[in-house]
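Step one of this worksheet: look at the structure below.
There are 2 protein chains.
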Amino acid sequence: MQNQIEHLKSSGSKLTKPRKRVLEILTELRKPVTLSEIHEKCGDIDFASVYRSIKLFTELRIVHEISWGDKVLRYEMMEDDHHHHIVCKKCGKIERLDLCILDKVQNMTSFKIESHSFEFVGICPECK
Amino acid sequence: MQNQIEHLKSSGSKLTKPRKRVLEILTELRKPVTLSEIHEKCGDIDFASVYRSIKLFTELRIVHEISWGDKVLRYEMMEDDHHHHIVCKKCGKIERLDLCILDKVQNMTSFKIESHSFEFVGICPECK
DNA sequence: TTTCTAATTGCAAGCTGTTTGCATTTAGAA
DNA sequence: TTCTAAATGCAAACAGCTTGCAATTAGAAA
Chain A
1 MQNQIEHLKS SGSKLTKPRK RVLEILTELR KPVTLSEIHE KCGDIDFASV YRSIKLFTEL
61 RIVHEISWGD KVLRYEMMED DHHHHIVCKK CGKIERLDLC ILDKVQNMTS FKIESHSFEF
121 VGICPECK
Chain B
1001 MQNQIEHLKS SGSKLTKPRK RVLEILTELR KPVTLSEIHE KCGDIDFASV YRSIKLFTEL
1061 RIVHEISWGD KVLRYEMMED DHHHHIVCKK CGKIERLDLC ILDKVQNMTS FKIESHSFEF
1121 VGICPECK
């Protein structure tokens, strides 16, 4: 978490209680979570502060925004190893997917790709 | 469009004016569009009817729901050739991507995959 | 350590896209 | 043509996200 705090401060932003708490939660959970989920774990911190913290972190590329197509966005600490997810629609279990073909796609198009989603929803063995 | 109408009727649903219009629009546009976009092109049909038509079509697998992570869902007529998209974030231009590694991913996991997103957002050559 | 101020927060209201209940209308079977 | 379950239009509700503003606070400067 120290790197992220460094990065935050060097951008001219302050390390406030809400921001610290949000960082802690993301570091601890180590999986994509919604704003509400973060807010619930935050104690008495206001939802708007969680929202603004996450917005800032996303801009600073400290966290990564993920859409699973269910209208709620999720956020995950940005990690060194690029990865995606397979989610169980029943129990919510998350499996990491260490595979991505962004490079391949980038070579197929004249678009300069800036972001991509590559997410899978299904049923895990236990819920089957 | 005849196949879809067949399918609709054989499911016990009626071919109403709103439904027909929505099908026409989707067939004509042949790209992912939002509910509002469909509604605009619908004339005096109520938004709720567009919404319920699309919901039905999605259940019947006549249309396909797509998320580009911008909080608005888009819908596209389900086609025989499975494909994805690369979208320009500036002008909205859409490029088809006839590549998918669903099979490969399905072989890597014990989850039974039911749906997936594989969408790219970037800048097209003209907007660059 | 204390002072000071721009940055940040909490609150409450607002927004956007989606969803629903209900009285009225209508597709299409009889 | 009649009839009724299904579908519509309307209007209100909802969920998640976003913002303006007065009060608070991190942390630089004294």
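One line per chain: the protein sequences are A and B, in this order.
Heads up: the first sequence at position 42 corresponds to 42 in our numbering, and the numbers run straight through without jumps.
Heads up: the second sequence at position 53 corresponds to 1053 in our numbering, and the numbers run straight through without jumps.
By construction, the Cβ of each residue, glycine as well, lies at the ideal position given by its N, Cα and C atoms.
Residues are counted here when their Cβ sits less than 9 Å from a Cβ of chain A; for the region 1058-1077 of chain B these are Glu-1065, Ile-1066, Ser-1067, Trp-1068, Gly-1069, Asp-1070, Lys-1071, Leu-1073, given in chain order.
The Cβ of Val-50(A) sits no closer than 9 Å to any Cβ of chain B. Only buried fits Gly-1122(B), as 16 or more other CB atoms lie within 10 angstroms of its CB. Close to Ile-101(A), with beta-carbon spacing below 7 Å, are these residues of chain B in chain order: Ile-1101. Three or more beta-carbon pairs separated by less than 8 Å link the region 88-106 of chain A to the region 1104-1123 of chain B, which places the two stretches in contact. When only Cα atoms are considered, Leu-8(A) and His-64(A) end up about 15 Å apart. In this structure, the beta-carbon distance from His-1085(B) to Glu-1095(B) falls below 9 Å. Interface criterion met: the Cβ of Phe-1118(B) is under 9 Å from a Cβ in chain A. Of Met-1077(B), Cys-1042(B), Cys-1124(B), the smallest CA-CA separation from Thr-1027(B) is found for Met-1077(B). Secondary structure at Glu-6(A): helix, using DSSP grouped into helix, strand and coil. Thr-16(A) and Cys-1088(B) have their C-alpha atoms roughly 36 Å apart. Residue state for Val-72(A) is assigned as coil, using DSSP reduced to three classes. Relative to Arg-74(A), the option among Pro-18(A), Asp-80(A), Cys-91(A), Lys-55(A) whose CA is nearest is Lys-55(A). The region 4-74 of chain A contains, as complete beta strand (DSSP E) runs of 3+ residues, the segments 63-67 (chain order). The beta-carbon of Thr-109(A) is placed less than 9 Å from the nearest beta-carbon of chain B.
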